Amino acid sequence: MVIILIAFVVHWYVSLFCQTFFLHRYSAHKMFTMSKVWERFFFFLTYLSQGSSYLSPRAYAVLHRMHHAFSDTPKDPHSPHHTKNVFTMMWKTKDLYNAVLNRVRPIEAKFDRNYPEWYALEKIGDSWISRVAWGTVYSLFYIFAFVYLDMHWAFFFLLPIHFLMGPIHGAIVNWSGHKYGYANFDNHDRSKNSMFFDWLMMGELFQNNHHKRPNAANFGARWFELDPTYPVIRLLSAVGIIKMRPAKVTSPEFETGHDRLVEHNEKMSA
């Protein structure tokens, strides 16, 4: 039982780290830079950790930039306020993700640029052969634990989480982070901070802070808001694996309609 729990926790957090560090903060936001060698390392680690639920850095970046631009409006790829429940939200996101991944949906140029690409690994990761193979590995591990390690049969219910780890992380963040909690800032959307100390989602549930400062590597804003991923980023920066970039309030990929209106009014009054 202990081995299964350790394996589940390791899979949860390594996959989650790759999603928040590589897919979110690097691929979508470019909060820091890294060499091509390290980019390929984290690219491959993302594939290994997400396995059957592998998410493309390009498609993730495009959808996430659209989410910032159209937050909690009907154009938001995954707002809980324009879907009936978390499952319909995930299905809507899945359909849009596949359309972006397969390049069958027109995308604004400002969203579809400046992200890591590795064509061969993308093709492997998105193939059904790879997804089924990873699912088989997870299942065989649990069967082995059940037969030889006296695992209780109830632990087989953890397998669907392994199969869909990446989308499950996204669903928790996008649903909870825009419905439950408190707000430090008026972002003209319904983003929330769902936890004081976001240990479960490694900082991802500080959505209100993140929507206010989309390029800040630290998702915490107040003294008690601890983002567990940020110290890791600082460490990787200190040892030279990544190089931090100055945080800006907005950038072309994350400019919202409200941002453009404010900028226009400031220019008109100048």
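Residue 1 is where the sequence shown starts when you use full-length UniProt numbering, and the numbers rise one by one after that. No residue lacks a Cβ here, since even glycine has one placed at the ideal position from N, Cα and C. Here the structure is a predicted model, which means the values were calculated and not measured.
Subject >> Closest by C-alpha distance to Ala-28, when choosing among Leu-5, Ile-3, Leu-63 >> reply: As a first step, residue 28 must be located in the sequence shown, where it is residue number 28. The residue with the shortest Cα to Cα distance from Ala-28 is Leu-63.
Original post:
CA-CA distance, Thr-136 and Phe-8?
Top reply: Taking the first residue of the sequence shown as position 1, residue 136 is located at position 136. Taking the first residue of the sequence shown as position 1, residue 8 is located at position 8. Going from the Cα of Thr-136 to the Cα of Phe-8 covers about 16 Å.
**OP:** Would you give the residue range spanned by the alpha helix (DSSP H) that Lys-36 belongs to?
**Re:** By 1-based counting over the sequence shown, the position of residue 36 is 36. Element bounds for Lys-36: 36 to 50.
Original post:
Should the segment 42 to 59 be called in touch with the segment 147 to 161, which here means at least 3 C-beta pairs below 8 Å?
Top reply: no
**OP:** Specify, as a first and last residue, the run of the alpha helix (DSSP H) that residue 273 falls within.
**Re:** The shown model of the chain, from 1 to 270, leaves out residue 273, and the question about it has no answer.
Subject >> Supposed contact pair Met-202 and Leu-23 - C-beta distance, whole angstroms, cut 8 Å >> reply: The residue labelled residue 23 in the question sits at position 23 within the sequence shown. The residue labelled residue 202 in the question sits at position 202 within the sequence shown. Contact between Leu-23 and Met-202 fails: their C-beta atoms lie close to 12 Å from each other, not under 8 Å.
Original post:
Are the CB atoms of Ala-171 and Ile-4 nearer to each other than 8 Å?
Top reply: Against the sequence shown, residue 171 aligns to sequence position 171. Against the sequence shown, residue 4 aligns to sequence position 4. Not a contact, by the Cβ cut-off of 8 Å.
Original post:
Any idea which residues DSSP pairs Lys-243 with across the strands?
Top reply: As a working note, residue 243 is residue 243 in the sequence shown. Thr-33.
Original post:
If you compare alpha carbons, which of Arg-65, Cys-18, Ser-71, Gln-50 is closest to Phe-42?
Top reply: On the sequence shown, position 42 is the one that residue 42 refers to. Of the candidates Arg-65, Cys-18, Ser-71, Gln-50, the one whose C-alpha sits nearest the C-alpha of Phe-42 is Cys-18.
**OP:** Pick helix, strand or coil for Asn-218, following the three-state DSSP scheme.
**Re:** For the purposes of this step, residue 218 is taken as the residue at position 218 of the sequence shown. Reduced to three states, the DSSP call for Asn-218 is coil.
Original post:
So what does DSSP say about residue 319, is it helix, strand or coil?
Top reply: Not covered by the structure: residue 319. The range shown for the chain is 1 to 270.
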